Structures are given as structure tokens and as C-alpha cells.
Amino acid sequence: MQHLKQQQQLQGREGGQLEAREEQLGTEKEERRGRCRTAAMRWLLQLDMRGGGGEAML
152 MQHLKQQQQL QGREGGQLEA REEQLGTEKE ERRGRCRTAA MRWLLQLDMR
202 GGGGEAML
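So this is what it looks like as C-alpha cells:
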């Protein structure tokens, strides 16, 4: 009986780690998306500044 209990505890712990890892991956995706968005905004601003006579549209 003791052995079975230990196995269940181990499985529970691994399950928790898996969930935490998935959450971390989720936030990393969001961060990456945010970085892409800011990079695109900068690129658009640079285009505006080159082509619009220095009038950057914010």
C-alpha cells in the first residue's frame, strides 16, 4: 500500500510541473507576440519618418 501511495504522489508532482511548464510556454508566446508587435510598430515608424518628411504618425 505504501508503494502505491508514493507513486500517486510522484504522478501528482509531475502533473503540477507539466501544468507550470505549459503556463510558462503560454506566457513566453505572449511575450514573443508582444515583441513582434513592437518591432513592427518601430518598423512602421521608421517608414513613416523616411517617407513622410519626418512626420511620424503615432
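Numbering (our numbering), first residue to last: 152 to 209. Glycine included, each C-beta is placed from N, C-alpha and C at the ideal position. Source: prediction; values computed, not measured.
Run the proximity test for residue i: is its beta-carbon closer than 7 angstroms to any non-hydrogen atom belonging to the ligand GDP?
{"i": "Asp199", "result": "Although the ligand GDP was asked about, the structure shown includes no ligands whatsoever."}
With a threshold of 7 angstroms on Cβ separation, who are the neighbours of residue i within its own chain once the five nearest residues in sequence on each side are excluded?
{"i": "Gly167", "result": "none"}
Step through the CB atoms of chain C and report whether any lies within less than 8 angstroms of the CB of residue i.
{"i": "Met192", "result": "The question asks about chain C, but that chain is absent: this structure has only one protein chain."}
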